[in-house]
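Scroll down for the structure; my scribbles are underneath it.
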Amino acid sequence: MKKIFLFLIAATMVLGLVGCTRTVTTTPTSLTTPVNYTTPPTTPVGTPVSFKVVKSDEPRIASPDITDTQLSTLVSGNNNFAFNLYQSLKKNNTGNMFYSPYSISTALAMTYAGAAGDTAKQMSTALHFTLPQAQLHPSFNQLALDLASRGQNAKGTNGKSFSLNIANALWGQQDYKIQPAFLNTLAQNYGAGMNLLDFISAPEYSRVTINNWVSSQTNNRINDLLPQGSIDSLTRLVLTNAIYFDAAWQDPFAKESTHDGTFNLLDGSTVTVPMMNREGGYSYIKDTGYQAIELPYDGNEIAMDIIMPDTGKFTTFESAMTAEKINGIIGSLKNSFLALTLPKFSFDSSFSLKSALSALGMPIAFSETNADFSGITGNTDLHISDVVHKAFVAVDEEGTEAAAATGVVIGLAAMPQYSMTVDQPFIFLIRDLQTNSILFVGRVLNPGQ
């Protein structure tokens with residue numbers, strides 16, 4: 010199966026299920042274990058901070074009962090969402106952009122487990138969750154298990170081993186009542202226990218605690234995911250997903266072959282940036298309006314795909330980009346001997362996804378009066394206050410390191426000789442080759458930023 014350019018470091022958070030005033034009768038489990046809070050943690054970034062944990066008695070399911078067709082359906086839907094989100098995000102972002110659709114989908118899938126009524130309908134449509142919940146969550150579990158098996162004995166950058174680490178966590182108000190069925194779903198399919206914090210009395214302590222967890226899960230590449238003010242006394246739940254990726258190229262670039270070169274910007278100006286150079290065999294195509302190439306990582310299970318539209322065609326190509334179009338390009342790649350010139354680059358991105366997700370069709374989830382997350386508490390008093398996301402990527406001669414974080418806050422209320430010089434704006438993806446799951450998507454308009 011074709012490989013896609015993969016940058017994997019991510020943390021995803023479902024921020025602030027916030028409570029309103031509407032209630033219904035329920036008999037949920039009460040999480041009342043007390044936690045002592047004084048001032049916000051002052052430990053270095055990434056240092057774990059102690060907190061109480063409540064776990065479901067149900068263990069994570071090691072062999073989910075799903076079919077290949079169900080897994081393929083999940084991946085297809087996630088990839089469609091990835092590019093719908095791209096089209097929404099680019100409207101308000103004029104520079105480089107990088108995010109993890111896999112991380113965002115996972116965090117929102119955990120939130121979706123507690124959605125009901127029109128809230129659930131809108132979320133399933135916007136997120137392209139076409140499987141029923143009884144199949145969706147086990148499918149996410151299987152996908153995570155598949156990804157966890159990648160890179161056995163493969164190399165990472167700077168002499169390290171390959172890393173693809175994914176972690177999920179649920180952070181809840183210490184005395185808040187959560188439905189056992191919701192906790193069981195997250196435990197069985199996402200391995201997420203309930204970490205108890207006191208958002209009411211110590212919101213800043215809670216925010217720093219969650220941020221430190223994210224940092225520790227992403228090798229300190231994602232710091233301060235939750236900005237000041239994102240957690241307050243109305244916050245009741247935060248759902249988090251973290252993903253970290255570090256992989257060496259299957260065929261590294263020689264450092265002595267890197268030289269300064271010209272990169273052409275969209276406005277016709279140029280910047281001088283370090284350009285890596287290598288000749289060798291790649292999967293490649295030059296077609297009407299674009300060139301595309303695939304760079305596998307060590308182990309040949311994950312790869313980066315780069316698509317460079319022709320001069321003057323980037324905006325038109327980008328606006329028409331869909332998962333179907335990208336799949337067609339990847340499927341047309343052919344083995345070629347290539348002289349490749351590629352810029353080194355490193356940058357990060359951060360987003361509030363509330364507007365983008367609302368525009369994609371799930372505004373009710375953010376409504377203080379109409380959201381229905383009664384599957385979490387039995388009440389209809391919760392809504393998503395925001396979904397925040399941060400991502401980091403670094404590409405050099407050795408390989409790629411990447412990170413991303415999303416927070417959903419819930420609260421009250423031998424062949425022909427070719428050459429490809431990537432010297433103008435391009436789009437790149439990171440994809441798992443066996444499942445075709447897109448882990449990251451990005452664009453580089455200026456590698457010198």
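Start counting the sequence shown at 10; every next residue gets the next number (my numbering).
From the three backbone atoms N, C-alpha and C, an ideal C-beta is built for every residue, glycine too.
Model, not experiment: these values are computed from the prediction.
If you draw a straight line from the Cα of Asn232 to the Cα of Ser224, it comes to about 5 Å. Under DSSP, the beta-bridge partners assigned to Thr281 are Thr271. Taken atom to atom, the span from the alpha-carbon of Gly457 to that of Val282 is near 6 Å. Just so you know, the alpha carbons of Ala122 and Asn162 end up roughly 35 Å apart.
If you draw a 10 Å sphere on the C-beta of Gln188, you find 16 or more other C-beta atoms in it, and that means buried. Here the alpha carbon of Trp180 sits roughly 33 Å from the alpha carbon of Leu442. With 16 or more other Cβ atoms inside 10 Å of its own Cβ, Thr244 counts as buried. For Glu333, the enclosing alpha helix (DSSP H) begins and ends at Ala332 to Gly340. For Asn250, the secondary structure class from DSSP, reduced to helix, strand or coil, is strand.
For Asn220 and Leu234, the gap between their C-alpha atoms comes out near 6 Å. Runs of the beta strand (DSSP E) lying entirely within the region 359-411 and spanning at least 3 residues, in chain order: 391-393 and 395-404.
Counting only runs of 3 or more residues that sit fully inside the region 168-198, the beta strand (DSSP E) segments are 172-182, in chain order. Gln79 carries a helical assignment under DSSP once its states are collapsed to helix, strand and coil.
Out of Ser158, Lys100, Phe92 and Phe191, the CA that lies nearest to the CA of Gly387 is found in Phe191. In the DSSP assignment, Ser345 falls within the unbroken beta strand (DSSP E) covering Lys343 to Pro352. Put simply, of Thr103, Arg287 and Gly168 the residue whose alpha carbon is nearest the alpha carbon of Ala263 is Arg287. Taking the Cα positions, Val453 is about 40 Å away from Ile385. Among the bridge pairs identified by DSSP, Val63 is matched with Met203. Taking the Cβ atoms as the reference, Asp241 lies roughly 5 Å from Pro212, within the contact range of under 8 Å. Excluding five sequence positions before and after Glu310, the CB atoms of its chain that fall closer than 6 Å to its own CB belong to Arg159 and Leu442, given in chain order. Counting the other Cβ atoms within 10 Å of the Cβ of Glu333 gives fewer than 16, which makes it exposed.
In this structure, the CA atom of Gly408 is about 45 Å from the CA atom of Ser210. When C-beta atoms of the region 73-92 are compared with those of the region 294-311, fewer than three pairs fall below 8 Å, so the two segments do not count as touching.
Listed in chain order, the non-local C-beta contacts of Gln197 below 7 Å within the same chain comprise Glu67, Arg69 and Ile70, local neighbours out to five positions each way being set aside.
The closest CA to that of Ser85, considering only Asn445, Phe449 and Asn455, is found on Asn445. The alpha-carbon of Asp432 is positioned some 46 Å away from that of Gly202.
With 16 or more other Cβ atoms inside 10 Å of its own Cβ, Asn87 counts as buried.
DSSP, read as helix, strand or coil, puts Val417 in strand. Residues of the same chain with a CB within less than 7 Å of the CB of Ser172, apart from the 5 flanking positions on each side, are Gly165, Tyr253, Phe254 and Asp255 in chain order. Pairing Ala301 with Ile316 gives a Cβ-Cβ distance under 8 Å. Under the three-state reduction of DSSP output, Thr166 falls in the coil class, being neither helix nor strand. Rounded to whole angstroms, the gap between the alpha carbons of Ile294 and Thr350 is 15 Å. About 19 Å separates the beta carbons of Ser364 and Phe107, which is beyond the 8 Å limit, so they are not a contact pair.
Remark: C-beta atoms of Thr128 and Phe382 approach each other more closely than 8 Å.
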